[in-house]
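Residue numbers (this note's numbering): 1 to 117.
Yeah, the Cβ is synthetic: ideal placement off N, Cα and C, and Gly gets one too.
As structure tokens, then:
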């Protein structure tokens, strides 16, 4: 039996939930805000997302490495992770490319993709 591939969205933007039909993938991790909590609760109530989706406490700066480790732990079959509201630094780019992931820039962040066998 094959794994179900997952698209995970990590949004550090407190206004992400106010976007017109925000993309939440199969699972999401959203920074705490009224707008993000509202869209998360809507998805949880409809049971239209992975139950490991969560709301994050906001910090001073996005902890992309830490969130990546959390996503990888909770969703080991991820095939794509979108980081919204985070910048792709040279250090992160090196770390992720060295691990064999493909990187694509997004209008408000970046995405990692990988092949899952």
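**Item:** Other residues of its chain near residue 107: CB distance less than 8 angstroms, five sequence neighbours each side excluded
**Value:** none
**Message:** So if DSSP puts residue 109 in a beta bridge, which residue, or which two residues, is it bridged to?
**Reply:** 84, 106
**Item:** DSSP bridge partner residues for residue 55 (one or two, in chain order)
**Value:** 30
**Asked** DSSP on residue 74, reduced to helix/strand/coil?
**Response** helix
**Buried versus exposed, by CB contacts within 10 Å (16 or more), residue 15** = exposed
**Message:** Considering just the uninterrupted stretch of the beta strand (DSSP E) at residue 11, what are its terminal residues?
**Reply:** 6-11
**Beta bridge counterpart(s) of residue 25 as assigned by DSSP** = 8
**Message:** Let me check you understand the geometry: is the CB of residue 6 closer than 7 angstroms to at least one non-hydrogen atom of the ligand NAP?
**Reply:** As for the ligand NAP, it is missing from this structure, which has no ligand bound.
**Prompt:** If residue 28 and residue 53 are in contact, beta carbons under 8 angstroms, what's the gap, nearest whole angstrom?
**Reply:** 5 angstroms
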